[in-house]
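Worksheet for the structure shown next.
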Amino acid sequence: MVGGLRPSALASHQIAMNLAGVTFMVPLGVASAGAVRVGHAVGRRDAAGAGRSGWTALLLGGLFMSCAALAFVLFPRALLGLFTSDPRVIEAGVSLLFIAALFQLFDGLQAVGTGVLRGLGDTRTPMVTNLAAHWFFGLPVGYALCFVLGLGVVGLWIGLSLGLIVVALVLLATWLRRLRALDFADTEALAPACEPA
0 MVGGLRPSAL
10 ASHQIAMNLA
20 GVTFMVPLGV
30 ASAGAVRVGH
40 AVGRRDAAGA
50 GRSGWTALLL
60 GGLFMSCAAL
70 AFVLFPRALL
80 GLFTSDPRVI
90 EAGVSLLFIA
100 ALFQLFDGLQ
110 AVGTGVLRGL
120 GDTRTPMVTN
130 LAAHWFFGLP
140 VGYALCFVLG
150 LGVVGLWIGL
160 SLGLIVVALV
170 LLATWLRRLR
180 ALDFADTEAL
190 APACEPA
């Protein structure tokens, strides 16, 4: 969809996506570590340990992405200047980095949330939630904002942000619900939590 917009919008979109992709690598790694730690705790039938591991991973991912958001807000032109010297691209990119700053925390939480739920054996919820939130909510909203309301690439990024926010909130709610089930389950009831949902 972005390919049909102005060259400066396309360039700023690609640069902002690159920067957001770089920051996303950290919570993605934390998610993998969180999945392993939570999975090991569940395997030990240690509900408290699973909770500590999961919350630690979520905290680390959220803290890093909050710092990344701050960098996007404070130094947008410097970051964009690493990729281009075109003032039109930089000006267009500043707006996108501000939007990216708003969803950084949620992007980190949904990434780590996917990991810790995987540690609990739940791979279905992240898949279904991402599919529904992005394809049936974020993408249509972004398309409408971009082409119907005329917001351009900013509208697409707003749609992307809303999709990420929905995913993060659903995965956090699912983590809390499943964690409570572990907390109140007896030792024998913890074993099914290791099985895929």
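In this text, residue positions in the sequence shown follow numbering that gives the first Met the number 0: the first is 0, and each later residue adds one.
A virtual CB, placed ideally from N, CA and C, is assigned to each residue, including glycine.
Because the structure is a prediction, the values reported are computed rather than measured.
Just tell me which of Ser31, Trp174, Ala67 and Leu150 has its CA closest to the CA of Ala99. Ala67
Helix, strand or coil: how does DSSP classify Phe135 here? helix
Less than 8 Å between the C-beta atoms of Ala10 and Val88, yes or no? yes
Under 8 Å between C-beta atoms of Ala50 and Ala110: According to the sequence provided, residue 50 is Gly. The question's Ala does not apply to it. No. Outside cutoff.
Which of the three DSSP states is assigned to Gly149 in this structure? coil
I need the boundaries of the alpha helix (DSSP H) containing Leu116, first residue and last residue. Pro86 to Gly118
Excluding five sequence neighbours on each side, which residues of the same chain lie with their C-beta closer than 8 Å to the C-beta of Leu138? Gly158 and Gly162
Return yes when the Cβ of Phe105 is within less than 8 Å of the Cβ of Val72, no when it is not. no
Alpha carbon of Cys145 to alpha carbon of Leu175, nearest angstrom: 35 Å
Looking at the structure shown, is Ala188 part of a helix, part of a strand, or coil, going by DSSP? Below a pLDDT of 50, predicted positions are generally treated as unreliable, and Ala188, at 42, falls in that range; no measurement from the model is reported.
Just how far apart, CA to CA, sit Phe63 and Val25? 8 Å
To which residues of the same chain is Ala19 closer than 7 Å at the C-beta, ignoring the five residues directly before and after it? Ala99
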